[in-house]
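Worksheet: the structure to be examined is printed underneath.
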Amino acid sequence: MAAGGGGSIADEKAPVAEAFGGHLEAAEMTEAEEEHSGGGGVKSRLSGLLWHGGSAYDAWFSCASNQVAQVLLTLPYSFAQLGMLSGVLFQLFYGLLGSWTAYLISILYLEYRTRREREKAADFRNHVIQWFEVLDGLLGRHWRNAGLAFNCTFLLFGSVIQLIGCASNIYYVNDRLDKRTWTYVFGACCATTVFIPSFHNYRVWSFLGLVMTTYTAWYMAVASLVHGQVEGVQHSGPTRIVLYFTGATNILYTFGGHAVTVEIMHAMWRPQKFKAIYLLATLYVLTLTLPSAAASYWAFGDELLTHSNALALLPRTPFRDAAVVLMLIHQFITFGFACTPLYFVWEKLIGLHDCRSLCKRAAARLPVVVPIWFLAIIFPFFGPINSAVGSLLVSFTVYIIPALAHMVTFRSPQSRENAVERPPRFAGGWTGAYVINSFVVAWVLVVGFGFGGWASITNFVQQVNTFGLFAKCYQCPPHLTAAPPAAFMPPPHQWPRRPPCHRRRRRSMPPASSSLRCQPRFRLRLRRR
3 MAAGGGGSIA DEKAPVAEAF GGHLEAAEMT EAEEEHSGGG GVKSRLSGLL
53 WHGGSAYDAW FSCASNQVAQ VLLTLPYSFA QLGMLSGVLF QLFYGLLGSW
103 TAYLISILYL EYRTRREREK AADFRNHVIQ WFEVLDGLLG RHWRNAGLAF
153 NCTFLLFGSV IQLIGCASNI YYVNDRLDKR TWTYVFGACC ATTVFIPSFH
203 NYRVWSFLGL VMTTYTAWYM AVASLVHGQV EGVQHSGPTR IVLYFTGATN
253 ILYTFGGHAV TVEIMHAMWR PQKFKAIYLL ATLYVLTLTL PSAAASYWAF
303 GDELLTHSNA LALLPRTPFR DAAVVLMLIH QFITFGFACT PLYFVWEKLI
353 GLHDCRSLCK RAAARLPVVV PIWFLAIIFP FFGPINSAVG SLLVSFTVYI
403 IPALAHMVTF RSPQSRENAV ERPPRFAGGW TGAYVINSFV VAWVLVVGFG
453 FGGWASITNF VQQVNTFGLF AKCYQCPPHL TAAPPAAFMP PPHQWPRRPP
503 CHRRRRRSMP PASSSLRCQP RFRLRLRRR
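Per the working numbering, the very first residue in the sequence shown carries number 3; after that it's consecutive.
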């Protein structure tokens, strides 16, 4: 995606092999590289194949797998809000916008790392570089604080969204438990991601996650076409400006998954190769999101406005259950993607980032999962929460801040002349890069954060007023959340019969509470005697 010169990085040929958070020493790194090239025993080869990933292919799988997960199920909901044409155009537009800002993040990472290694000021074999540290090294502590706040908050709510998606999906396979209870269950399951050291160890998980998402996306497309249009289907979107910008910000969120770009690059053996990887990952993701969302909207139309999870409208079949289960596994993987940078920040805060003990670091990471678990129970609004996070957090984290940081970093002629990576020629060089960055900042600030923030917050507040906080079963069918059986009135033919009137042997008059039907029979008996 870029032409020009990638500067030398001291250990670019050394795989960043980590033994639970601590990078290996130089000798161990050389040994790991030899094993990767073909040496070592069968166990080492198998471990390298499944566990130690640092190639450009691993980075591509990580970017594509992290970019599309539960949001795949909410894009038909966005199409119902936007309409077919606007939905397609916004996906293409934000896909290109996200690829450009991911490219900017990669350039800033290379610039920061090269400067630090030239100064011999840091040894990154025992340290994972993160986005806020790049901003700190290039622009100062104020940029670091802003990047840290937005990035951590976005990743926190990104993990919350994955947890909410798990509960929403499994409910359509097993509705014996409500969605809130399923959130408890999957919160405990997702907590096991504390045992995954870093993005370097996501090789097999990224591959499997992308395969699972591919199946789910094409199942949605084919199943919708086979199902056909429902009776009286209507495609009236867009109908309200609030819904229109809510759907647009959900797509902004979809292609804003590059908040973990720096961590993925740091796990690569040669980070210079990352420049075009995110664009290639986005192109593949578009082959999944466009057909599935368009086919679902064609089949169900405006019904999607009240079903933010498209799987809820598809008939239950073994294929749908398989899609749900595979998506659950992928959401578990994506939860780890979003949480791992938070684990790193927490480790650095408490001083355990360089610790080699697996048990200590796993135990230290657990407190990070607790607030995620709690927030997923408070705000179970699958779909609307995506738009709120997209407008308020994604807009700054991965669009506005990277574009501004690139302009400020290379504002002087000397910095542009000594830049490790120059902007590509097809983008117009430095002038073209500044024009594109200015457009990104203005567009996302006005449309994404301004109109999108207003629309998504309005929609989010409406969900809170309708369902309330701590909603037990968000958007569940009414018959599954009816009153308990004790309040059920049986039909008339099941009513208990009136007990028969017993004859009284006493000669006294019947009490006033006796039935009228008994009194004539009692009087007749007295007359016979």
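Even for Gly, the Cβ is constructed at its ideal location relative to N, Cα and C.
The structure presented is a predicted model; accordingly, all values stated were derived computationally and were not measured.
Around PRO404, the same chain offers THR103, LEU106 and ILE107 as residues with beta carbons nearer than 6 Å, after the five sequence neighbours per side are excluded. With a threshold of 16 other beta carbon atoms within 10 Å, LYS122 falls short and is exposed. ARG146 is a Cβ neighbour of LEU137, given a cutoff of 7 Å. Residue ILE163 holds the alpha-carbon nearest to the alpha-carbon of GLY189 among TYR345, LEU150 and ILE163. In the three-state reduction of the DSSP assignment, CYS475 falls in the coil class.
Annotated three-state conformation of LYS275 is helix, per DSSP. Pairing CYS168 with LEU330 gives a Cβ-Cβ distance under 7 Å.
Residue environment for GLY430: exposed (fewer than 16 other C-beta atoms within 10 angstroms of its C-beta).
Here the alpha carbon of THR308 sits roughly 20 Å from the alpha carbon of ALA223. Between ASP323 and THR342, the alpha-carbon positions lie close to 29 Å from each other. Between ALA295 and the set GLY259, ALA219 and VAL347, the nearest pair of CA atoms involves ALA219. Taking the C-beta atoms as reference points, PHE257 is found no nearer than 7 Å to PHE453.
For ALA405, the enclosing alpha helix (DSSP H) has its first and last residue at 403–411. Taking a cut-off of 8 Å for Cβ pairs, the region 394–403 and the region 232–246 do not touch, as fewer than three such pairs fall below it. Secondary structure note for PRO369: its alpha helix (DSSP H) is the uninterrupted segment 360–380.
Counting along the chain, the unbroken alpha helix (DSSP H) around ALA325 starts and ends at 320–352.
When C-alpha distances from VAL372 are compared across MET86, LEU158, SER80 and LEU406, the shortest belongs to LEU158. CYS154 sits buried, since 16 or more C-beta atoms from the chains shown fall within 10 Å of its C-beta.
GLY55 sits away from ARG182, with the two beta carbons spaced by 7 Å or more. The DSSP-derived three-state label of ILE109 is helix.
Under the three-state reduction of DSSP output, ALA314 falls in the helix class. Per the C-alpha coordinates, the member of MET409, SER64 and ASN461 positioned closest to LEU210 is SER64. The region 66–101 contains, as complete alpha helix (DSSP H) runs of 4+ residues, the segments 73–84 (chain order). Assignment of LEU179 by DSSP, reduced to helix, strand and coil, places it in the coil class. By the beta-carbon neighbour count (other beta carbons within 10 angstroms, threshold 16), PHE346 is buried.
In this structure, the CA atom of PHE384 is about 20 Å from the CA atom of PHE451. Taking C-beta atoms under 8 Å as the contact rule, TYR111 and MET267 qualify, at a distance of about 5 Å.
The C-beta of PHE339 has 16 or more other C-beta atoms within 10 Å across all chains shown, which makes the residue buried.
Cβ atoms of SER397 and SER208 stay farther apart than 8 Å, at about 26 Å. For VAL422, the three-state secondary structure derived from DSSP is coil.
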